[in-house]
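Undergrad: My questions will all concern the structure given below.
Spelled out as structure tokens, the structure:
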């Protein structure tokens, strides 16, 4: 049902105060081998690491408010990772720091080995355009541009000097919209608009795609189609996808799910299924959609 699973596994390590072990049972701090307790050394990370968070934390108001306690996370190439947790748990903060949309107040984020904290704003913007793709709950398409023009936009913003319609058309074909290339967003359904957004995220062949509730505004059938596209991007094209979601069914498309509560990384599941995800969400105090 969910397609081939990636061979690699995300490596997650919590800080003291965690509530769950990796198998979703009470007690213990996270460890790489799925057992409570223990600390992981940096060289224990899987090969082909695309994204790494080393003690990444985020505070506001000069440290008075902790949005994200220090988190260590390593995501290999060709991996589909879900980030879950109750509202206000820090999952969006984690995604924004990992994607270079916000700068953490502690720790280091690396994308393909490049430390984001050492980049100027100009270089960080360039890295996001060339090596990172984004899919949000709102498709954020430009209303006056056709589907193909919207998909080509990252190439143009990145300074592409060659022909960009060809890559845009290929990306649209990959999401099943080759015949709607010249349609405006208003002429497309909500699901088709989100598929255009997926094509736009993939057109630059990014190292990692960050998806923030990409199916949150979609009906179940359309959500299935979008998740299948992201799964295919991982399995067929070797992309890495990090997806924030509240939906256990969406998480079941992923190779792994990590859970946050009160700004801490507290649990993870390998090959999650909806029932196990729902149970972990219940344990950490966050309701999940059925």
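Numbering (the working numbering), first residue to last: 227 to 516. Quick reminder that beta carbons are idealized off the backbone N, C-alpha and C, glycines included. Keep in mind that this is a model prediction, so the values were computed, not measured.
Hey, out of 378, 488, 314 and 359, whose CA is closest to residue 326's CA?
TA: Against the chain shown, residue 326 aligns to sequence position 100. Looking at the Cα atoms, 359 is the closest of the given residues.
Undergrad: Give me the residue from 453, 429, 341 and 277 with the minimum Cα distance to residue 321.
TA: Reading the chain shown from its first residue, position 95 is the one you call residue 321. Taking only the C-alpha atoms, the option nearest residue 321 is 277.
Undergrad: Tell me, please, which residues DSSP counts as bridged to residue 336.
TA: Translated into the one-based positions of the chain shown, residue 336 becomes position 110. The partner list for residue 336 (beta bridge, DSSP) reads 278 and 341.
Undergrad: The alpha helix (DSSP H) with residue 500 in it runs from where to where?
TA: Position 274 of the chain shown holds residue 500. It spans 500 to 509 - the alpha helix (DSSP H) in which residue 500 sits, taken as one unbroken run.
Undergrad: Have a look at residue 307 and residue 417 and give me their C-alpha separation to the nearest angstrom.
TA: Position 81 of the chain shown, counting from 1, holds the residue named residue 307. Position 191 of the chain shown, counting from 1, holds the residue named residue 417. Looking at the two C-alpha atoms, the distance is approximately 22 Å.
Undergrad: Looking at the strands, I want to know which residues DSSP matches up with residue 315.
TA: As a working mapping, residue 315 is identified with position 89 in the chain shown. In DSSP, residue 315 forms no bridge with anything.
Undergrad: Based on Cα-Cα distance, which residue from 324, 301, 485 and 349 lies nearest to residue 313?
TA: Residue 313 sits at position 87 when you count from the first residue of the chain shown. Considering only alpha carbons, the answer is 485.
Undergrad: Alpha carbon to alpha carbon, how far is residue 455 from residue 309? Give it in angstroms, no decimals.
TA: Residue mapping note: residue 309 aligns to position 83 of the chain shown, counting from 1. Residue mapping note: residue 455 aligns to position 229 of the chain shown, counting from 1. Straight-line Cα distance between these residues: approximately 18 Å.
Undergrad: According to DSSP, is residue 167 part of a helix, a strand, or is it coil?
TA: The first residue shown for the chain is 227 and the last is 516, placing residue 167 beyond what the model contains.
Undergrad: Pick helix, strand or coil for residue 460, following the three-state DSSP scheme.
TA: Counting from one through the chain shown, the residue named residue 460 turns up at place 234. Helix, per DSSP.
Undergrad: Can you tell me where the beta strand (DSSP E) holding residue 466 begins and where it ends?
TA: By one-based count along the chain shown, residue 466 stands at place 240. That run of the beta strand (DSSP E) goes 466 to 470.
Undergrad: What is the residue span of the alpha helix (DSSP H) that residue 488 lies within?
TA: Here residue 488 refers to the residue found at position 262 when the chain shown is read from its first residue. It is not in any alpha helix (DSSP H) - residue 488 carries neither H nor E in the DSSP assignment.
Undergrad: At what residues does the alpha helix (DSSP H) containing residue 299 begin and finish?
TA: For the purposes of this step, residue 299 is taken as the residue at position 73 of the chain shown. Segment 291 to 302 is the beta strand (DSSP E) holding residue 299; no alpha helix (DSSP H) there.
Undergrad: Could you tell me the boundaries of the alpha helix (DSSP H) in which residue 476 lies?
TA: To locate residue 476, count along the chain shown from 1; it is residue 250. Run containing residue 476: 474 to 477, per the alpha helix (DSSP H) assignment.
Undergrad: Just list the alpha helix (DSSP H) runs in the segment 380 to 453, keeping only unbroken ones of 4 residues or longer that don't cross its boundaries, in chain order.
TA: 391 to 400 and 416 to 428
Undergrad: Count the C-beta pairs between the segment 347 to 358 and the segment 427 to 437 that are closer than 8 Å, then say yes if the count reaches three, no if not.
TA: yes
Undergrad: Which two residues bound the contiguous beta strand (DSSP E) that contains residue 350?
TA: Within the chain shown, the letter at position 124 stands for residue 350. Not the beta strand (DSSP E): residue 350 falls in the alpha helix (DSSP H), residues 347 to 357.
Undergrad: Leaving out five residues before and five after residue 511 in sequence, what residues of the same chain have Cβ atoms less than 8 Å from its Cβ?
TA: Residue 511 sits at position 285 when you count from the first residue of the chain shown. Contacts found: 312 and 487.
Undergrad: Under 8 Å: do the segment 473 to 481 and the segment 398 to 414 share three or more Cβ pairs, one atom per stretch?
TA: no
Undergrad: Can you tell me where the beta strand (DSSP E) holding residue 308 begins and where it ends?
TA: By 1-based counting over the chain shown, the position of residue 308 is 82. Run containing residue 308: 306 to 310, per the beta strand (DSSP E) assignment.
Undergrad: Please name the residue, chosen from 438, 332 and 395, that lies closest to residue 294 on a Cα-to-Cα basis.
TA: On the chain shown, position 68 is the one that residue 294 refers to. For residue 294, the closest C-alpha among the options 438, 332 and 395 is that of 332.
Undergrad: Going by beta-carbon coordinates alone, are residue 374 and residue 398 separated by less than 8 Å?
TA: Working through the chain shown from its first residue, we reach residue 374 at position 148. Working through the chain shown from its first residue, we reach residue 398 at position 172. Contact flag set, yes.
Undergrad: Among all the DSSP beta bridges, which residues are the ones paired with residue 285?
TA: By one-based count along the chain shown, residue 285 stands at place 59. Answer is 292, bridged to residue 285.
Undergrad: Between residue 369 and the rest of its own chain, which residues show a CB-CB distance below 6 Å, the 5 nearest in sequence each way excluded?
TA: Counting from 1 along the chain shown, the entry for residue 369 is found at position 143. Same-chain partners within the cutoff: 411.
Undergrad: Where residue 425 and residue 335 are concerned, what is the direct C-alpha to C-alpha distance, given to the nearest angstrom?
TA: Here the question's residue 425 lines up with position 199 in the chain shown. Here the question's residue 335 lines up with position 109 in the chain shown. Those two C-alpha atoms are separated by around 26 Å.
Undergrad: Please return the same chain residues whose Cβ sits closer than 7 Å to the Cβ of residue 380, not counting the five positions on each side in sequence.
TA: Taking the chain shown and counting its residues from 1, the one referred to as residue 380 is at position 154. The answer, listed in chain order, is 355, 426, 429 and 430.
Undergrad: Which residues in the same chain as residue 232 place their Cβ atom closer than 8 Å to its Cβ, once the five residues preceding and following it in sequence are excluded?
TA: For this step, residue 232 is matched to residue 6 along the chain shown. Residue placement at residue 232 cannot be trusted, given a pLDDT of 47 that sits under 50; what the coordinates show is reported in the next sentence. Only 302, 304, 305, 306, 460, 461 and 481 meet the Cβ criterion.
Undergrad: Would you please state the rounded distance, in angstroms, between the beta carbons of residue 407 and residue 390? I believe it to be under 8 Å.
TA: Along the chain shown, read from residue 1 onward, the residue named residue 407 stands at position 181. Along the chain shown, read from residue 1 onward, the residue named residue 390 stands at position 164. Their Cβ separation, rounded to whole angstroms, is 12 Å, which puts residue 407 and residue 390 out of contact at 8 Å.
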